[in-house]
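>
2 protein chains.
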Amino acid sequence: MPTPTGYLTASPYFAGIQPDTLNSLARQMVFRTFPANQIIFLEGDPCEGLWFIQTGRVKISKLNSEGVEHVMHILGEGNSFNDIAALDGGACPATATALSEVAAWLLPHDVLAAHLLQDSQLATNTIRLLATRVRGLVRQIEDLALYSVKVRLARFLLQQAENPALSGVGVTRATIAAHLASTPQTVSTLLRELENDGAIQFDRHHIYISDAERLRGIAAL
Amino acid sequence: MPTPTGYLTASPYFAGIQPDTLNSLARQMVFRTFPANQIIFLEGDPCEGLWFIQTGRVKISKLNSEGVEHVMHILGEGNSFNDIAALDGGACPATATALSEVAAWLLPHDVLAAHLLQDSQLATNTIRLLATRVRGLVRQIEDLALYSVKVRLARFLLQQAENPALSGVGVTRATIAAHLASTPQTVSTLLRELENDGAIQFDRHHIYISDAERLRGIAAL
DNA sequence: GAGCCAACTTCAGCTAGCTGAAGTTCAAGC
DNA sequence: GCTTGAACTTCAGCTAGCTGAAGTTGGCTC
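Just so you know, the protein sequences line up as chains A and B, in that order. When we follow our numbering, the leftmost residue of the first sequence carries the number 172, and every step to the right adds one. When we follow our numbering, the leftmost residue of the second sequence carries the number 172, and every step to the right adds one.
Below you can see the structure in the form of structure tokens.
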């Protein structure tokens with residue numbers, strides 16, 4: 172059985188943490204795997220703890236009362252999720268689904284809570300990470316409230332170029348659409364437009380940014 | 172010159188904090204007033220610190236590249252703002268504007284940072300508050316991505332009933348519209364619709380919820 | 001109490017983007 | 001190499017909600 176120590180040291184949550192604290196955390200973590208398309212937890216479920224992805228891709232999403240889905244985050248190797256519920260002990264704020272086969276480590280809520288009280292470095296890291304999370308969410312709200320689907324798509328493609336988790340297995344047009352609060356048809360049409368604008372080239376499997384500067388212009392960045 | 176100690180003890184940031192810590196913080200805070208419509212800080216400004224509202228109403232908003240505004244929060248007496256910049260020391264993530272005459276206390280960033288390292292109770296409070304903030308932002312994203320303007324308006328009215336800061340001076344149709352990512356005209360039309368639905372009654376100055384259950388039904392809650 | 005102005009309301013016309021349908025492509029299994 | 005099905009593309013038609021314009025209201029100032 173592997174230990175998660177390596178993955179922990181790589182996570183910003185545990186930067187600068189004492190090795191013995193890290194070992195104590197690692198010993199109490201639980202390893203789990205999920206097949207593609209399996210739900211890891213549902214919105215409203217009681218919180219198990221903080222998850223760290225070892226391999227695979229996970230989407231965090233919400234459904235409205237009619238079953239329409241909005242994808243809040245697409246995560247990959249090394250990312251963590253469910254931090255909010257893990258930190259406040261409340262219900263999971265969204266649903267997590269495996270987009271591909273997933274291997275992940277769970278840090279149970281009570282273990283995290285106990286260490287947070289004792290380790291001021293861990294608390295500081297957590298505050299810094301939450302601040303980053305808030306900035307990211309504010310950016311998402313800004314996008315939804317103030318920019319068209321075309322601009323949001325351009326911004327997504329620019330993010331994709333920097334974050335490999337945002338493309339690959341399971342990230343279909345439908346997933347992108349659900350992330351942009353749009354539809355697969357509209358994403359298809361707008362990709363064609365961006366191609367005609369000379370910003371990108373694409374086929375069924377890959378999207379290449381052919382003119383990043385132009386794409387950034389369209390993205391209003 | 173008044174001291175802010177009373178306002179501090181009332182803020183969830185400082186629940187359970189030792190009185191001498193509180194006094195040390197209070198002594199280093201700065202009192203300022205702003206006339207109605209004055210900008211307190213702009214998005215991108217370097218961070219001064221954490222603000223606590225003593226009296227008055229403040230809006231936190233973002234502008235897109237064409238000058239269209241989205242109101243992220245409307246805050247009143249006892250609320251704090253600019254926590255993210257105050258905690259990570261980065262630039263202000265949004266613009267703060269006084270909607271009415273405002274009296275507020277500023278806790279400078281470096282003072283907060285120093286106390287955070289020393290006081291684990293303060294760090295714990297901060298983490299809990301940030302978790303609440305994240306839940307609120309996730310809810311806003313859900314609203315924007317998954318529900319119509321009418322549903323968002325109904326939800327806003329239900330929040331307004333519980334939070335006095337969301338109504339009163341400076342909270343015009345235009346402000347509500349900018350909070351819902353819509354327009355004053357549409358808000359006007361939809362208020363009329365909600366009235367015809369029998370959920371509310373309104374005039375130029377007040378909105379009364381006449382059937383909360385029905386309004387909750389429309390709000391999909 | 002007259003006049004002004006910002007906020008509000010209503011309406012006609014327009015458009016971004018959704019819906020549903022039909023056709024295409026391609027990877028995987030047999 | 002044939003079949004199947006999921007993902008993708010394209011298009012015609014529709015609608016929620018925006019835009020601009022015109023008219024109303026009511027609190028302030030003098």
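Ideal Cβ positions, reconstructed from N, Cα and C, are used throughout, including at glycine.
Return helix, strand or coil for A/His286, following the three-state DSSP convention.
Three-state DSSP puts A/His286 in a helix.
> Find the residues of chain B that neighbour A/Ala390, judging by a C-beta separation of less than 7 Å, and give them in chain order.
Per Cβ cutoff of 7 Å: no residues; A/Ala390 is ~10 Å from chain B at best.
> Under a CB-based cut-off of 9 Å, is A/Met172 close to chain B?
In this predicted model, A/Met172 has a pLDDT of only 48, less than 50, meaning its place in the structure is not dependable enough to derive any value.
> Straight-line CA distance for B/His280 to B/Leu221?
When only Cα atoms are considered, B/His280 and B/Leu221 end up about 7 Å apart.
> What in chain A is Cβ-close to B/Pro264, meaning under 7 Å?
Arg306 and Val309
> Nearest CA to the CA of B/Phe223: which residue from B/Ile188, B/Asn235, B/Tyr184 and B/Pro190?
B/Tyr184
> Considering Cα atoms alone, identify which of B/Lys321, B/His376, B/Pro335 and B/Gln292 is closest to B/Leu386.
B/Lys321
> I'd like the list of long-range same chain contacts for A/Leu328, defined as Cβ closer than 7 Å, with 5 residues on each side in sequence excluded.
Ile371, Ile378, Ile380 and Leu386
> Distance cutoff 9 Å, beta carbons only. Does A/Gly187 sit that close to anything in chain B?
A/Gly187 does not count as touching chain B.
> Take the Cβ of B/Phe212 as the centre, count every other Cβ of all protein chains shown within 10 Å, and call the residue buried at 16 or more, exposed below.
buried
> What number of angstroms, rounded off, separates the C-alpha of A/His376 from the C-alpha of A/Gly247?
The straight-line gap separating the alpha-carbon atoms of A/His376 and A/Gly247 is approximately 19 Å.
> Have a look at B/Ala265 and A/Asn208 and give me their C-alpha separation to the nearest angstrom.
37 Å
> Mind checking which residues open and close the beta strand (DSSP E) that includes B/His350?
Looking at the DSSP string, B/His350 is not in any beta strand (DSSP E); the run it does join, the alpha helix (DSSP H), is Arg344 to Leu351.
> Can you tell me where the alpha helix (DSSP H) with A/Leu324 in it begins and where it stops?
Val320 to Glu333
> Quick check on this structure: which residue in A/Arg304, A/Gln289 and A/Ala269 has the alpha carbon closest to the alpha carbon of A/Asp254?
A/Arg304
> Apart from the five residues on each side of it in sequence, which residues of its chain come closer than 8 Å, Cβ to Cβ, to A/Leu315?
Arg323 and Ala352
> Return the residue from the list A/Ile188, A/Gly261 and A/Leu293 that minimises the CA-CA distance to A/Gly215.
A/Gly261
> Classify B/Asp259 as buried or exposed, calling it buried when 16 or more other Cβ atoms lie within 10 Å of its own Cβ.
buried
> Is it right to say A/Asn296 is buried, meaning 16 or more other beta carbons lie within 10 angstroms of its own, or is it exposed?
buried
> Going by alpha carbons, who is nearest to B/Asp368 out of B/Ala390, B/Ser291 and B/Asn250?
B/Ala390
> On a CA-only basis, which of B/His244, B/Ser251, B/Asn250 and B/Gly187 is nearest B/Ser291? Give me that one, please.
B/Gly187
> Counting only runs of 4+ residues fully inside the region 230-286 of chain B, write out the alpha helix (DSSP H) ranges in chain order.
254-259
> A/Ser251: buried (16+ other C-beta within 10 angstroms of its C-beta) or exposed?
buried
> At least one CB of chain A closer than 9 Å to the CB of B/His241: is that the case?
yes
> For the region 231-244 of chain A against the region 270-287 of chain B, are there 3 or more C-beta pairs whose distance is under 8 Å?
no
> Within 9 Å of any Cβ in chain B, is that where the Cβ of A/Asp374 sits?
no
> Cα separation between B/Met172 and B/Ser195?
Per-residue confidence for B/Met172 stands at a pLDDT of 48, beneath the threshold of 50, marking its modelled position as unreliable; no derived number is given.
> Within 10 angstroms of its Cβ, does A/Gln356 collect 16 or more other Cβ (buried), or is it exposed?
exposed
> Does any CB atom of chain B fall closer than 9 Å to the CB of A/Gly261?
yes
> Leaving out five residues before and five after B/Thr204 in sequence, what residues of the same chain have Cβ atoms less than 6 Å from its Cβ?
Answer for B/Thr204: Ala274, listed in chain order.
> Who are the Cβ neighbours of A/Glu366 in its own chain at under 7 Å, not counting the five residues just before and after it?
Annotation for A/Glu366: Gln372 and Phe373 place their beta carbon closer than 7 Å to its own, counting only its chain and skipping 5 residues before and after.
> Assuming A/Asp308 contacts B/Ile312 under a Cβ cut-off of 8 Å, what Cβ separation, rounded to an integer in Å, is found between them?
Strictly speaking, residue 308 of chain A in this sequence is Leu, with Asp absent from that position. Yes, they are in contact, since the Cβ atoms of A/Leu308 and B/Ile312 sit about 7 Å apart, within 8 Å.
> Using a Cβ cut-off of 7 Å, which residues of the region 318-333 of chain B contact any Cβ in chain A, in chain order?
Tyr318
> What are the boundary residues of the alpha helix (DSSP H) that B/Leu372 is part of?
The question names Leu, but residue 372 of chain B is Gln in the sequence shown. Unbroken run through B/Gln372 is the beta strand (DSSP E), Ile371 to Phe373; no alpha helix (DSSP H).
> Below 9 Å between beta carbons: does that hold for A/Ala256 and A/Cys263?
yes
> Would you kindly report the start and end of the unbroken alpha helix (DSSP H) that includes B/Gly339?
From DSSP, B/Gly339 is part of no alpha helix (DSSP H); its letter is neither H nor E.
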